[in-house]
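Q:
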Amino acid sequence: MRLFFDPKKYTRNIQQIDIEILDKVLSSGYFVFLDLIFWSFLLTMLTFEVHASIFIGFIIFVSSYVFGIILYNLLNLWLKEQPGD
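Per this note's numbering, residue 1 is the first one in the sequence shown, and the count goes up by one each step.
1. With a cut-off of 8 Å on the beta carbons, I'd call V25 and F31 a contact; round off their distance for me.
2. Inspect the beta-carbon positions of G68 and L42 and report whether they are closer than 7 Å.
3. May I have the straight-line CA-CA distance separating I60 from I21, to the nearest angstrom?
4. For L71 and S64, I'd like the C-alpha separation in whole angstroms.
5. By the DSSP assignment, the alpha helix (DSSP H) with D64 in it spans what residues?
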């Protein structure tokens, strides 16, 4: 019975399924927006010595987050409108 089981083929199939699941999660909108929150917060923390104000830090956080959302939506629209698809 062991001769009929091909572990390479089984492993390759499982890896392909895992890669597809990972691709769906990483390209989902929720993950992108969560990632934008993280990067906006990191940008705000790294520039805190320059502005040294919580209000200006909040403005930098919101502006970088909104810029990221706009850029994501523009790229999403642009890539969906490709004539080859």
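Each residue gets a CB set at the ideal place from its N, CA and C atoms; glycine is no exception.
Fair warning: this is a prediction, and the values are worked out from it, not measured in the lab.
A: So, to answer that:
1. 6 Å
2. no
3. 34 Å
4. 10 Å
5. Note that residue 64 corresponds to Ser in the displayed sequence, not to Asp. Taken as a continuous stretch (DSSP letters only), the alpha helix (DSSP H) holding S64 covers 54-80.
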